[in-house]
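Those sequence lines, one after another, are chains A and B.
According to numbering that gives the first Met the number 0, the residues represented by the first sequence are 0 to 444, in order.
According to numbering that gives the first Met the number 0, the residues represented by the second sequence are 0 to 444, in order.
Number of protein chains: 2
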Amino acid sequence: MKKVLLNEEELPKKWYNVLPDLPETVPPPVNPATKEPVKPEQLEVIFAHECVEQEVSDERFIDIPEEVRKVYTMWRPTPLVRAGNLEKAIGTKAKIFYKNESVSPPGSHKPNTAVAQAYYNKHEGINKLTTETGAGQWGSALSFAGAQFGMEVKVYMVKASFEQKPYRKLLMESWGGKCFASPTDLTEIGKKIRKEYPDTAGSLGIAISEAVEDAATHGDTKYAIGSVLNHVLLHQTVVGLEVEKQLADINMEPTIMIGCVGGGSNFGGFFLPFLSRRLDGKNIRFIAVEPKACPSLTKGGYVYDYGDTGKVTPLLKMYTLGSSFIPPAIHAGGLRYHGDAPILSLLKKLNLVEAQSYYQREVFEAGILFARTEGILPAPETNYAIKAVIEEAKKATEDDTIVFNFSGHGHFDLAAYDAFFRGKLEDYAYPEEEIKKAMEKIPRI
Amino acid sequence: MKKVLLNEEELPKKWYNVLPDLPETVPPPVNPATKEPVKPEQLEVIFAHECVEQEVSDERFIDIPEEVRKVYTMWRPTPLVRAGNLEKAIGTKAKIFYKNESVSPPGSHKPNTAVAQAYYNKHEGINKLTTETGAGQWGSALSFAGAQFGMEVKVYMVKASFEQKPYRKLLMESWGGKCFASPTDLTEIGKKIRKEYPDTAGSLGIAISEAVEDAATHGDTKYAIGSVLNHVLLHQTVVGLEVEKQLADINMEPTIMIGCVGGGSNFGGFFLPFLSRRLDGKNIRFIAVEPKACPSLTKGGYVYDYGDTGKVTPLLKMYTLGSSFIPPAIHAGGLRYHGDAPILSLLKKLNLVEAQSYYQREVFEAGILFARTEGILPAPETNYAIKAVIEEAKKATEDDTIVFNFSGHGHFDLAAYDAFFRGKLEDYAYPEEEIKKAMEKIPRI
Chain A
0 MKKVLLNEEE
10 LPKKWYNVLP
20 DLPETVPPPV
30 NPATKEPVKP
40 EQLEVIFAHE
50 CVEQEVSDER
60 FIDIPEEVRK
70 VYTMWRPTPL
80 VRAGNLEKAI
90 GTKAKIFYKN
100 ESVSPPGSHK
110 PNTAVAQAYY
120 NKHEGINKLT
130 TETGAGQWGS
140 ALSFAGAQFG
150 MEVKVYMVKA
160 SFEQKPYRKL
170 LMESWGGKCF
180 ASPTDLTEIG
190 KKIRKEYPDT
200 AGSLGIAISE
210 AVEDAATHGD
220 TKYAIGSVLN
230 HVLLHQTVVG
240 LEVEKQLADI
250 NMEPTIMIGC
260 VGGGSNFGGF
270 FLPFLSRRLD
280 GKNIRFIAVE
290 PKACPSLTKG
300 GYVYDYGDTG
310 KVTPLLKMYT
320 LGSSFIPPAI
330 HAGGLRYHGD
340 APILSLLKKL
350 NLVEAQSYYQ
360 REVFEAGILF
370 ARTEGILPAP
380 ETNYAIKAVI
390 EEAKKATEDD
400 TIVFNFSGHG
410 HFDLAAYDAF
420 FRGKLEDYAY
430 PEEEIKKAME
440 KIPRI
Chain B
0 MKKVLLNEEE
10 LPKKWYNVLP
20 DLPETVPPPV
30 NPATKEPVKP
40 EQLEVIFAHE
50 CVEQEVSDER
60 FIDIPEEVRK
70 VYTMWRPTPL
80 VRAGNLEKAI
90 GTKAKIFYKN
100 ESVSPPGSHK
110 PNTAVAQAYY
120 NKHEGINKLT
130 TETGAGQWGS
140 ALSFAGAQFG
150 MEVKVYMVKA
160 SFEQKPYRKL
170 LMESWGGKCF
180 ASPTDLTEIG
190 KKIRKEYPDT
200 AGSLGIAISE
210 AVEDAATHGD
220 TKYAIGSVLN
230 HVLLHQTVVG
240 LEVEKQLADI
250 NMEPTIMIGC
260 VGGGSNFGGF
270 FLPFLSRRLD
280 GKNIRFIAVE
290 PKACPSLTKG
300 GYVYDYGDTG
310 KVTPLLKMYT
320 LGSSFIPPAI
330 HAGGLRYHGD
340 APILSLLKKL
350 NLVEAQSYYQ
360 REVFEAGILF
370 ARTEGILPAP
380 ETNYAIKAVI
390 EEAKKATEDD
400 TIVFNFSGHG
410 HFDLAAYDAF
420 FRGKLEDYAY
430 PEEEIKKAME
440 KIPRI
């Protein structure tokens, strides 16, 4: 048996909200000016009311709206797959499974929350969404979601990526998304930056600032976010809840769960439904994997920091390399984030989650081994998870069941594989000295 | 209910061989020199023995080897999906379903036969395979299949495509395939052409000649073919057999079955298992869809012609535009073939299959409607099928059930969508006068 499938009736009816089950309360977002927790009504200027409620909800299970479930069934439930060929190639005694989130139309886990956020906004009378995108995964997921509810989606795409990755932009256009090279002249901050730095290639920080300004200054427009916040991780728990059902169907219990981490939503949504097992003393480890070039969980500090480089967001308590940190241009664009989701950061702090980091060349080697054994070409981000799986599998015993989240395919990342094949991928570890300096710039509250 | 799924135990154990059920015998391949039917031993110089046997088998069902089924389970059975959003957008009374063959690792139906051909060759002691590829779909499918059985795969890729479509080449490399810009200096014919035409951009005809020469002149190497021949259509019937089971599970009978046609393997594999219904007098239509730029079934003649432009293959009785026909550079590269599978051609001749042709702009419009309603971005080839589905659905009644083969996704064809969005796609119908001239060049036997 290769794949464990669920039928549509088995698609979860509720998301799992970990907040009431956490051993400690997640520190709230804080207003940088007042140092007070941000009020819900302040967040609702840019986010849907329902999402803001979910951000602090104490209900353990939250209904997935029927309209969202209907869109989910376009690709969900996703398969849980036994990676038997990979097991053989490694020579491991452990069993390896992967949850295949690459089967969604945009090719990753991202639409799990994009569809939910689009739905809530639509339901609350909003017809336009804005967001930023770097590598393009999130922008395409939101464009797809917008098409499902007949909404206009404006994506501020970092100018450098906009020019280097025309295919991602085309994918967004195919779903009707409007994609702009940021900085644009559509926002005040964009205009200002273009005036000051006419030749700038943009940055994720600038793109966030533009998308947020656009939402904050237009009554018919709100902002959608691809990771980090509690409600995003909540929506992603549909992944872990399916895995739980699928493993139960074949009488398996995971001993090691692995995911790559940028902001933390694919890994969070995947393992959070299993956290209670760990809290109950069961033998289960959760491993977050990140690039050595952007080692927030492994090398960062656990402090309050801005969510963005442009310093327009509230402060979040998280593992961070400092919001001024500009990650080097590694090919796993989705993992180039200076911080981590507050929920994930807290669990790392409490030693309930482990973190590992790898170089990009070794993770691409792992990705190629996966492609040749299991068939699917992984996204560069997913390669980090695969590398950790291989390393754990080598040490594992026959009692181990390793499960990982195959967060996305690499169909739109072939330029990165090209660089790998041509020997042009560079290994880089962010120097401790630089991390120290960046950390010093973080405001202490 | 959106998707009809089968579990792995329901994956067909046998392919369906239509040959014994055809109302007339398919005319055999003929040796151009002797005008006699080609002998099996002549074909076995380049093809696996088992494939040559299947080419003329009179057994109605042929076992799918267990090793092939095992590889199939990496993505099969594939979902049958109700295109409810598309139905709504068109305002049709009919039900529309699509068989989603895009979920395979290479993204199309092609591996159904690539895996079978690789297996048979491996089983017969062959470790190297050669083939040609134009757009790259077939070359990547064979590279994927080769990786599964530890075989070396050499792909002769038309030089123009090699240079314009680096991503397809990278996909092949990811699976270990070796991809060369044809003409190469690895074959005699390649060397000769490079000497005569140093600046040539290559052609599919030249690439076929190189791949065949390579196989014919190396004892450890054979050739694998992506469409046209009987055994290829046989392997593709796994698609139609699954559809039959899936429709039975929901108590549906198709009234219209639609597929795009290049050589005819995706459409053939899809509808042939339903042919007996038609022969039994049931209300069911089979519609083959092709580009107006390459209208072999709608405008070609039914005669013996070479399978390739280079005139190295046997003669096949088929609808053809003449083997000297060089199709214009439309974006559905997989449909740029001058002929059609002999089985399909015979059924068209007998009026058991209808043929329709469309312009490329209107089919891209159809593809975008599909992407915005059903989510998946279709391959340019698949857009032809979708256009015909939409046209039929507009005329259909509530008693109609339209089923089509969603042969592949468009993740590697975004340059074509770019041309469409920028208004740069040109509509072109191959002129009747030109067809007449090309037909006159076909040798009559």
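Cβ atoms here follow ideal geometry from the backbone N, Cα and C, with glycine treated the same way.
Residue i burial status per 10 Å Cβ neighbour count (16 or more: buried)
i, result
"M0/A", "exposed"
"N120/B", "buried"
"P39/B", "exposed"
"T216/B", "exposed"
"Y196/B", "exposed"
"G145/A", "buried"
"K394/A", "exposed"
"E54/B", "buried"
"T132/A", "buried"
"A82/A", "buried"
"K92/A", "exposed"
Residue j beta carbon less than 8 Å from that of residue i
i, j, result
"A200/B", "A159/B", "yes"
"K177/B", "D184/B", "no"
"I495/B", "L233/B", "The structure shown does not extend to residue 495/B, since chain B spans only 0 to 444, so no value can be given for it."
"A247/A", "I125/A", "no"
"A287/A", "I329/A", "no"
"A415/B", "P379/B", "yes"
"P290/A", "L240/A", "no"
"M150/A", "S181/A", "no"
"N382/B", "F363/B", "yes"
"L228/A", "E23/A", "no"
"K244/B", "L42/B", "no"
"W174/B", "A365/A", "no"
"I283/B", "M251/B", "no"
"S208/A", "I188/A", "yes"
"G218/B", "V238/B", "no"
Close Cβ partners of residue i (< 6 Å) along its chain, the five nearest in sequence each way excluded
i, result
"Q136/B", "S107, K109, G333"
"A223/B", "Q116, L128, T130, L141"
"G300/B", "M438"
"K316/B", "P26, Y303, P341"
"F266/B", "G258, V260, A287"
"E49/A", "Y119"
"E162/A", "none"
"G306/A", "T312, L315"
"P105/A", "S139, A140, F143"
"S103/A", "W74, P110"
Own chain, CB closer than 7 Å to residue i, minus 5 neighbours either side, in chain order
i, result
"T72/A", "E7, L10"
"S56/A", "N16, L18"
"F486/A", "The structure shown does not extend to residue 486/A, since chain A is modelled only from 0 through 444, so no value can be given for it."
Contacts around residue i, its chain only, beta-carbon distance under 8 Å, and the 5 residues preceding and following it disregarded
i, result
"D20/A", "R59, L274, S275, L278"
"E445/B", "Coverage of chain B is limited to positions 0 through 444, which leaves residue 445/B absent and any answer about it impossible."
"I192/B", "P182, T199, I205"
"K87/B", "T372"
"D213/B", "T129, K153, Y155, L185, T186, T220, Y222"
Can at least three beta-carbon pairs, one atom from the stretch 113 to 125 of chain B and one from the stretch 268 to 285 of chain B, be found at a separation below 8 Å?
A contact between stretches requires three or more CB pairs, one per stretch, nearer than 8 Å, and the stretch 113 to 125 of chain B fails this requirement with the stretch 268 to 285 of chain B.
The stretch 389 to 399 of chain A / the stretch 314 to 333 of chain A touching (three or more Cβ pairs under 8 Å): With contact defined as three or more Cβ pairs closer than 8 Å, the stretch 389 to 399 of chain A and the stretch 314 to 333 of chain A are not in contact.
inquiry  = Short of 8 Å Cβ to Cβ, which residues in the stretch 149 to 176 of chain B face chain A?
reply    = Within the stretch 149 to 176 of chain B, the qualifying residues are P165, Y166, L169, L170, E172, S173, W174, G175.
*Which residues, taken in chain order from the stretch 413 to 425 of chain B, show a beta carbon closer than 9 Å to some beta carbon of chain A?*
Listed by position, the residues of the stretch 413 to 425 of chain B near chain A (Cβ gap below 9 Å) are L413, A414, Y416, D417, F420.
Taking only beta carbons into account, state which residues of the stretch 357 to 376 of chain A come closer than 9 Å to chain B, listed in chain order.
Of all residues in the stretch 357 to 376 of chain A, those with a C-beta nearer than 9 Å to a C-beta of chain B are G366, I367, A370, R371, T372, E373, G374, I375, L376, reading in chain order.
Report the residues of the stretch 1 to 26 of chain A with a CB closer than 7 Å to any CB of chain B, ordered along the chain.
Hits within the stretch, in order: K1, K2, L4, N6, E7.
Quiz prompt | Sufficient close CB pairs (3 or more, under 8 Å) joining the stretch 247 to 265 of chain B to the stretch 419 to 426 of chain B | solution = Contact between the stretch 247 to 265 of chain B and the stretch 419 to 426 of chain B is not established, with fewer than three Cβ pairs separated by less than 8 Å.
Residues of the stretch 250 to 262 of chain A in Cβ contact with chain B at a cutoff of 8 Å, in chain order, please. Listed in sequence order: no entries.
Taking only beta carbons into account, state which residues of the stretch 78 to 104 of chain A come closer than 7 Å to chain B, listed in chain order. Those would be V102, P104, in chain order.
* To do: Return the residues of the stretch 116 to 144 of chain B that lie within a Cβ-Cβ distance of less than 7 Å from chain A, sorted by chain order.
  => Near chain A, meaning a CB-to-CB distance below 7 Å, the residues of the stretch 116 to 144 of chain B are F143.
| said: Residues of the stretch 59 to 78 of chain B in Cβ contact with chain A at a cutoff of 8 Å, in chain order, please. | reply: Closer than 8 Å at the C-beta level to chain A, one finds these residues of the stretch 59 to 78 of chain B: K69, T72, M73, W74.
If you measure beta-carbon to beta-carbon, which residues of the stretch 311 to 334 of chain A are closer than 7 Å to chain B? Hits within the stretch: zero.
Q) If contact means a Cβ-Cβ distance below 9 Å, which residues of the stretch 226 to 253 of chain A contact chain B? A) Per Cβ criterion, the list is empty.
Contact set between the stretch 402 to 413 of chain B and chain A, restricted to residues whose Cβ is under 9 Å from the partner: Hits within the stretch, in order: H408, G409, H410, F411, L413.
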